Amino acid sequence: MSLYRYFASKNPLPTVINLEYHFGEQFEVLPCRKNPPIASGGQIQKPNIYKVRGNINETFLDQLVDYIKENVEEQNRVEFWAIWHSEKVPSKNIHRINPQQVTIEDLRFLHNNENSCIKFFPKNKK
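Okay, so the sequence shown: first residue is 8 according to the numbering used here, each after it adds one.
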């Protein structure tokens with residue numbers, strides 16, 4: 008089985024495509040061909056879904072933090088999902104973070120390979 012990572016958003020997000028492979032620079036954000044992706048197990052309900060690819064290392068986490076701070080706005084109700092194929096994310100693994108305050112430490116859970124979700128908007132917003 009594989010751990011899949013996705014951004015899901017109310018509005019479109021910019022894609023990141025690496026045309027050349029450079030060791031440690033694998034970070035990519037690509038639109039999903041199937042929406043919603045089968046691997047998400049039906050949990051993702053946003054209209055714009057993007058697969059996030061790359062090896063989980065410090066470079067990846069730095070690039071992910073930069074991407075979030077530059078491209079994620081609370082009003083777009085963006086979610087970041089890490090899901091083992093078709094498994095459910097338990098409610099204890101769903102977190103809320105202000106996108107402008109996200110840090111590498113907030114994303115370290117990716118090293119643990121756990122099903123989880125970060126919602127980049129306050130709970131009281133619809």
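The beta-carbon is built from N, C-alpha and C at its ideal position, and this holds for glycine as well.
It should be emphasised that the depicted structure is a prediction, and the values quoted were computed from it without experimental measurement.
Those residues which DSSP pairs with residue i across a bridge
i           : result
residue 126 : 86, 103
residue 74  : Per DSSP, none; premise fails for residue 74.
residue 4   : Here the chain comprises residues numbered 8 to 133, so residue 4 is not present and cannot be evaluated.
residue 96  : BP columns for residue 96 are empty, so no partner.
Collapsed DSSP secondary structure at residue i in the structure displayed
i          : result
residue 47 : helix
residue 35 : strand
residue 40 : coil
Alpha-carbon to alpha-carbon, residue j and residue i
i           : j           : result
residue 121 : residue 101 : 11 Å
residue 112 : residue 41  : 31 Å
residue 82  : residue 128 : 7 Å
residue 43  : residue 49  : 7 Å
residue 123 : residue 94  : 10 Å
residue 104 : residue 58  : 20 Å
residue 126 : residue 108 : 13 Å
Spatially closest choice to residue i from the options, by CA coordinates
i          : options     : result
residue 22 : 38, 116, 13 : 38
residue 15 : 61, 90, 107 : 90
residue 72 : 34, 17, 11  : 34
residue 13 : 51, 24, 25  : 51
Supposed contact pair residue j and residue i - C-beta distance, whole angstroms, cut 8 Å
i           : j          : result
residue 118 : residue 63 : 6 Å
residue 55  : residue 97 : Between residue 97 and residue 55 the Cβ distance is about 25 Å, and since that is not below 8 Å, they are no contact.
residue 17  : residue 84 : 5 Å
residue 80  : residue 53 : Actually they are not in contact, since the Cβ atoms of residue 80 and residue 53 sit about 14 Å apart, beyond 8 Å.
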